[in-house]
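Data first, discussion second: the structure below is written as C-alpha cells.
Protein chains: 2
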Amino acid sequence: MARIEDVAARAGVSAGTVSNVLNRPQAVSPKTLERVRAAIAELGYLPNESARALVAGRTRTVGLIVPDVTNPFFADLANGAEEVADTHDVIVMLYNSAESTDRELRYLGQLETQRVQGVLVTPVDLGGGNVLALIERGTPVVLLDRGTGLRDLCSVAVDDRAGGRLAATHLVEHGHRRVAFIGGPLAVPQVRERLDGAREMVDAAGGILEVIEVPGLTVGAGRSVAAALAERPPGERPTAVLCANDLIALGVLQAATRAGLRVPGDLAIVGYDDIEFAAAAAVPLTSVRQPRHQLGRVAADLLFEEINDGKRHSHRQVVFQPELVVRASTGVQRG
Amino acid sequence: MARIEDVAARAGVSAGTVSNVLNRPQAVSPKTLERVRAAIAELGYLPNESARALVAGRTRTVGLIVPDVTNPFFADLANGAEEVADTHDVIVMLYNSAESTDRELRYLGQLETQRVQGVLVTPVDLGGGNVLALIERGTPVVLLDRGTGLRDLCSVAVDDRAGGRLAATHLVEHGHRRVAFIGGPLAVPQVRERLDGAREMVDAAGGILEVIEVPGLTVGAGRSVAAALAERPPGERPTAVLCANDLIALGVLQAATRAGLRVPGDLAIVGYDDIEFAAAAAVPLTSVRQPRHQLGRVAADLLFEEINDGKRHSHRQVVFQPELVVRASTGVQRG
DNA sequence: GAAGCCGGTTATAACGATTCAGCAACCGAC
DNA sequence: GTCGGTTGCTGAATCGTTATAACCGGCTTC
Chain A
305 MARIEDVAAR
315 AGVSAGTVSN
325 VLNRPQAVSP
335 KTLERVRAAI
345 AELGYLPNES
355 ARALVAGRTR
365 TVGLIVPDVT
375 NPFFADLANG
385 AEEVADTHDV
395 IVMLYNSAES
405 TDRELRYLGQ
415 LETQRVQGVL
425 VTPVDLGGGN
435 VLALIERGTP
445 VVLLDRGTGL
455 RDLCSVAVDD
465 RAGGRLAATH
475 LVEHGHRRVA
485 FIGGPLAVPQ
495 VRERLDGARE
505 MVDAAGGILE
515 VIEVPGLTVG
525 AGRSVAAALA
535 ERPPGERPTA
545 VLCANDLIAL
555 GVLQAATRAG
565 LRVPGDLAIV
575 GYDDIEFAAA
585 AAVPLTSVRQ
595 PRHQLGRVAA
605 DLLFEEINDG
615 KRHSHRQVVF
625 QPELVVRAST
635 GVQRG
Chain B
305 MARIEDVAAR
315 AGVSAGTVSN
325 VLNRPQAVSP
335 KTLERVRAAI
345 AELGYLPNES
355 ARALVAGRTR
365 TVGLIVPDVT
375 NPFFADLANG
385 AEEVADTHDV
395 IVMLYNSAES
405 TDRELRYLGQ
415 LETQRVQGVL
425 VTPVDLGGGN
435 VLALIERGTP
445 VVLLDRGTGL
455 RDLCSVAVDD
465 RAGGRLAATH
475 LVEHGHRRVA
485 FIGGPLAVPQ
495 VRERLDGARE
505 MVDAAGGILE
515 VIEVPGLTVG
525 AGRSVAAALA
535 ERPPGERPTA
545 VLCANDLIAL
555 GVLQAATRAG
565 LRVPGDLAIV
575 GYDDIEFAAA
585 AAVPLTSVRQ
595 PRHQLGRVAA
605 DLLFEEINDG
615 KRHSHRQVVF
625 QPELVVRAST
635 GVQRG
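Chain order of the listed sequences is A and B. Reading the first sequence from the start, the letters are residues 305 to 639 in my numbering. Reading the second sequence from the start, the letters are residues 305 to 639 in my numbering.
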C-alpha cells in the first residue's frame, strides 16, 4: 500500500509538501497542488491513521457504549451522536455492553488503549465503577441516560419523573381515578422516578395508585399482570394502567384483549418509550416519547466541549423533557 | 500518560525489556518480570495502540457493517463474530449502514484508512459496488447474508429457499391447500427465494399458492393485507398465510384477530426470522429461525482464514440451513 | 586457557505520518 | 542593484512502540 513518500516521489516533491496538500492546501501553490493530487489519485493513496494518531498524540475517534443496540432508543441516540462527531471529523465506535459489567469493562479498556478522545457511555452499574477508573486517568466521559447522580461528570438524561407526571395527568384528565403502575424492578432509578411522578399526580387528583412490581420490563411480565387483573371483579380493577415501558404495555394489551377486556373501554393503557411497535399495536398505544436523537447530539456536544476545553471545563448535567404521544389506547375523554 | 520509557526507567531496565515483558514474557527472567510488572501497575501504563499498529503494519481490528443494528438478527450475528475475533485478539468495530449506500461508503472508507485487518459487511447494494473497491486494494472482505452472487468472495448466508420449503411443508402437512405468500418487494432476493421454496412445496402437494406482494416487510403491510383477506367470503380465503418475515406476520395476526378471524382456526400463520416478539405475540407465532449466532462465528472464521492465509486463500461460500419453530399460530394437525 | 555457547539484556533502526526551522527564489520599492 | 518581505518548498526531528543485532558475564568443552 502506498506511503506518503511514494506519493511525494511520483509528484516530484517532498513528503512534507504532500502532508501540506492533505492538511493545509492553502499553503501550497496551485500547480504543485494539482500534481500532488494527481499522484494521490493514481496511487490510490490513503493516509495511515495509526501514524497520524501517533504524531498527533490523539486519535480521531470517540467510543459509544450502549446497553442494548437492538433498542431503537439507543440506535437513534447513536445516530445523533454520530452527526455531531462528524462535524468534528471524528469517528464514533459503537459497542453493545448488553447490560454486562464484564463486557463494559472490556470495551472501556479497549477504548482506552486505543486512546480515543472520549467516551459516551450508559453505565451498566449505576455507581459507574468501571467508568471512574477511565476518568481518573484522564479520558473525558459523558454519561448517557443513567448515573446522573455522579455530580462531577457531564451527563444527559430525560426527566423520568416528569414523564410519569405527564402520563398520569393524561389519565386523570380522562377521568381515571383507579390507576395501576406496572413496572420493575423498582430499584432501577428510571422505573422509580416514573412511578414517583405518576404517584404525585394521581394523589393530587385524589385517586388511588396501585403499584404492581414485576421482575423485568418485558412483554411476558405485562401479560401475566393483565391476566391477573382480568380475573378481578370490575369494581376492584383499575380503569387504567401506566406501564414503565412499551413492552409491558404491549403485553398488557395482548392479555387484556384476550381475556375479553376492551381497550380503552374497560382498561386504558399508557406505555413509555414510544417504540416503533407502540404505534403499530393492535390498539395503537399512547406512550411517553423521549427526544432520543437530540439526547445523542447534546451528549456528543458536551463531550467535545470537554475534550476541547480541557481542564477549565465545568461539568454539566442536561435533563430533557419527555413528551406524551396520545393514541387510541387511552381513548376519548371520560367521566 | 505513561510511556514505555517511563516504565523502563522506573523498573531500571531498557524499553526493549518492557516490550518483551508485554509480548514474550517467557524471554524475561522472573526477577525482572516481576519488577517490570510492578512498575506497569504503579504507573497505570497502557501501551499505545497507534504506535503498535504503526510498527506492526496492521491494526488489531476488523470492521463489521450491518444494515440495521436494531434487528436482533444482526445483533446476534455481531456477537458471534465478536467471540471469534476475541480468540484472535482482535477488536470488532460495529457500524450501522441503515441500508444507506452513502453511509456504507463512508464507513468502508473509514475502515480502510484505519487499516483494519478485514471487513465483514452486509452490502446495501447487491452488486457490492462499494465493496469491490476495498477488495481491489487488498482488504479481505466477507459478505454477510447477501450478495452471494459474487463468486470470487467469501460469504455466509442462510438458504432462504429451504426456509420457504420448510414453512410450506409444515402448512401442507397440516392439511392446508389454499396458502397465501405475503411479502415484498419481490425484487429482494431473500423474499424471492422464500417464495420460490414455498411454491415448490405447495405445488407438489397439489395446493394453490396465492402471492400477495407488499411494498415493505412491515407490520403495517401485514395489517392491510389481513384486513383485505378478512373481507373475502370464507371459501375464497386462504386457510393459511406464509409471511416473508415476522413483522408482516404480526401485522396479519393483529388485523385478522381484530376482524374476528381466529388464529389458527380460521387462518394459520407462519412467520420468518423468529424475532423475540414472535414468541411473545398474542398467539405465539410459528416461524423460521436462522442460526444467527453461528452465522457470525463462521463469517469471522472465514475472514481470519483469509487474513492469515493471504494470497493462497481460496474463497468459500457457506450456506446455512434454517429451522422451523412450531408454535400456536399454526395449531394442531388439520384435515 | 582459548573457543564456543547461552540466557538475559541493551542499543538502534525502523514504522508513516506531521511539524517547523530554514532556505531559495522572486517580488516590488528605493 | 540592493534590500526587506513573501511565498513555496525541503530536510530533519519527532511521536511510542517493536524487532533485531550486538553485547556480556559466566559456564562448558576440548
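From the three backbone atoms N, C-alpha and C, an ideal C-beta is built for every residue, glycine too.
Helix, strand or coil at residue i [DSSP, three-state]
i        : result
B/Val506 : helix
B/Gly316 : coil
B/Ala572 : strand
B/Arg566 : coil
B/Val332 : coil
A/Asp605 : helix
A/Val476 : helix
A/Val629 : strand
A/Asp500 : helix
B/Arg419 : coil
A/Val258 : For residue 258 of chain A there is no data in the structure shown, the boundaries of chain A being 305 and 639.
B/Arg341 : helix
B/Gly511 : coil
A/His597 : helix
A/Gly635 : coil
B/Ala577 : Per the sequence presented here, residue 577 of chain B reads as Asp, with Ala not at that position. Three-state DSSP puts B/Asp577 in coil, outside helix and strand.
B/Val322 : helix
A/Glu610 : helix
A/Glu403 : coil
A/Val587 : coil
B/Ala306 : coil
A/Arg616 : helix
B/Leu430 : coil
B/Arg481 : coil
Residues of its chain near residue i, where Cβ-Cβ distance is below 8 angstroms and the 5 sequence neighbours each way are ignored
i        : result
A/Val523 : Leu551, Ile552, Leu554, Gly555 and Gln558
A/Ser318 : Ala312
Paired residues, beta bridge with residue i - DSSP
i        : result
B/Ile486 : B/Ile516 and B/Cys547
A/Phe624 : A/Val462
A/Leu447 : A/Val425 and A/Ser459
B/Tyr651 : With chain B represented from 305 up to 639, any question about residue 651 of chain B goes unanswered, as that position is not in the structure.
Residues near residue i in its chain [Cβ-Cβ closer than 7 angstroms; skip 5 each side]
i        : result
B/Pro519 : Gly488, Pro489 and Ala525
B/Val332 : Thr321, Asn324 and Val325
A/Pro626 : Val462, Asp463, Ala466, Gly467, Leu470, Val592, Arg593 and Gln594
B/Glu609 : His617
A/Phe581 : Asp550 and Leu554
Own chain residues within Cβ distance below 6 angstroms of residue i, not counting five before or after
i        : result
B/Ile516 : Ala484, Ile486 and Val529
B/His480 : Thr543 and Ala544
A/Asp464 : Gln494, Glu497 and Arg498
B/Leu475 : Val483 and Ala544
B/Ala357 : Thr363
B/Arg419 : Thr363
A/Arg415 : Checking the displayed sequence, the identity of residue 415 of chain A turns out to be Leu instead of Arg. Correct list, in chain order: Gly367 and Val423.
B/Arg638 : At B/Arg638, the pLDDT of 45 sits below 50, so the modelled position is not reliable; the number obtained from the coordinates is stated separately. Hits under 6 angstroms: His478 and Gly479.
B/Val446 : Leu424, Cys458, Ala603, Leu606 and Leu607
A/Asp578 : Ser591, Arg593 and Val629
Alpha helix (DSSP H) segment containing residue i, residue limits
i        : result
A/Tyr349 : Neither: A/Tyr349 is in no alpha helix (DSSP H) and is coded neither H nor E.
B/Ala580 : This sequence places Glu at residue 580 of chain B; Ala is not what is there. Glu580 to Ala584 is the extent of the alpha helix (DSSP H) around B/Glu580.
B/Gly433 : Gly433 to Glu440
Residue i: first and last residue of the uninterrupted beta strand (DSSP E) it sits in
i        : result
A/Arg593 : Thr590 to Arg593
B/Leu398 : Ile395 to Asn400
Please give me, in chain order, every unbroken run of the beta strand (DSSP E) with length at least 3 that falls completely inside the region 522-562 of chain A. 544-547
Whole alpha helix (DSSP H) runs in the region 354-391 of chain B with 4 or more residues, listed along the chain? 376-391
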